[in-house]
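In full-length UniProt numbering, the protein residues as written are 1 to 186. Even for Gly, the Cβ is constructed at its ideal location relative to N, Cα and C. Predicted, not measured: the structure shown is a model, and the values here were computed from it.
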């Protein structure tokens, strides 16, 4: 009986201790990492300003392919978006604010595309450009070509000049992939 009394006393004390805690003292997670649900890719032909293409990548699929002309160079802008109250809103400001925690890579299959990180691109504190603004020089593209665009969160290292300084598709090690978009090219 004395044992039951002691257990009851300990449980009552624990209840009082935790029920009287001030909720204001609980540390609040100041970084609410929202899941990016949409990527908008805008490609503008640098030799023909009326040739502007917009691809919406949502739910693992692009709504249309990018039609890239061999020999042309395109200014490519990326807009990563989150959904709030049924509407998409750009997450680029948050990505830019946390630029050292992000890096974008590009990979192409069945094509020959050179990527240059644009002069107006966001520069991380390590001197590497983020990849929100690039130029794609189309050397060759087949009917089965694809572009793979990845937004990597907290990579341990980044290489802007991969595979070369003249072709800055980029490479990372470590981190988590926030977006892994595969878009058909024609």
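Discussion item. Checking the sheet assignment: what are the DSSP bridge partners for residue 163?
Written reply: DSSP lists 168 as partners of residue 163.
Practice prompt. To the nearest angstrom, report how far apart residue 81 and residue 140 are at their CA atoms.
Written response: Taking the straight line joining both Cα atoms gives about 30 angstroms.
Discussion item. What does the Cβ neighbour count give for residue 70, buried or exposed, with the cut at 16 atoms within 10 Å?
Written reply: Result: exposed.
Discussion item. According to DSSP, simplified to helix, strand and coil, what is residue 184?
Written reply: Strand.
Worksheet item: Between the C-alpha atoms of residue 94 and residue 115, what's the straight-line distance to the nearest angstrom?
Response: About 24 angstroms.
Worksheet item: Taking Cβ positions, are residue 134 and residue 152 nearer each other than 9 angstroms?
Response: Against a cut-off of 9 angstroms, the Cβ pair of residue 152 and residue 134 comes out as no contact.
Fill in: Limits of the beta strand (DSSP E) - the one that residue 135 falls within
From DSSP, the beta strand (DSSP E) with residue 135 extends over 133-153.
Discussion item. For residue 104, count the other beta carbons within 10 Å of its own beta carbon; 16 or more makes it buried, fewer makes it exposed. Which is it?
Written reply: So residue 104 ends up on the buried side.
Discussion item. Here's the rule I'm using: 16 or more other beta-carbon atoms within 10 Å means buried, otherwise exposed. How should residue 102 be labelled?
Written reply: By the neighbour-count criterion, in which a residue is buried when 16 or more other Cβ atoms sit within 10 angstroms of its Cβ, residue 102 is buried.
Worksheet item: Start and end of the alpha helix (DSSP H) containing residue 95?
Response: Counting along the chain, the unbroken alpha helix (DSSP H) around residue 95 starts and ends at 92-97.
Practice prompt. Check whether the Cβ of residue 52 lies closer than 9 angstroms to any Cβ atom in chain B.
Written response: Going by chain labels, chain B is absent from the structure shown, which holds only one protein chain.
Fill in: residue 101 - DSSP class collapsed to helix/strand/coil
Residue 101 falls in the helix class under three-state DSSP.
Worksheet item: In angstroms, rounded to a whole number, what distance separates the CA positions of residue 61 and residue 142?
Response: Note on geometry: alpha-carbon atoms of residue 61 and residue 142 lie some 20 angstroms from one another.
Worksheet item: First and last residue of the beta strand (DSSP E) that includes residue 84?
Response: Per DSSP, the unbroken beta strand (DSSP E) holding residue 84 starts and ends at 73-84.
Fill in: Among 122, 50, 35, 66, the one whose alpha carbon lies nearest that of residue 88
The candidate whose alpha carbon is nearest that of residue 88 is 35.
Fill in: Buried or exposed (CB count within 10 angstroms, at least 16 for buried), residue 121
Residue 121 is buried by the Cβ-count criterion.
Worksheet item: With distances taken from CA atoms, which of 154, 77, 174 is nearest residue 39?
Response: Distance check between residue 39 and each of 154, 77, 174 places 77 closest, using alpha-carbon atoms only.
Worksheet item: Straight-line CA distance for residue 92 to residue 79?
Response: When rounded, the distance between both Cα atoms is 6 angstroms.
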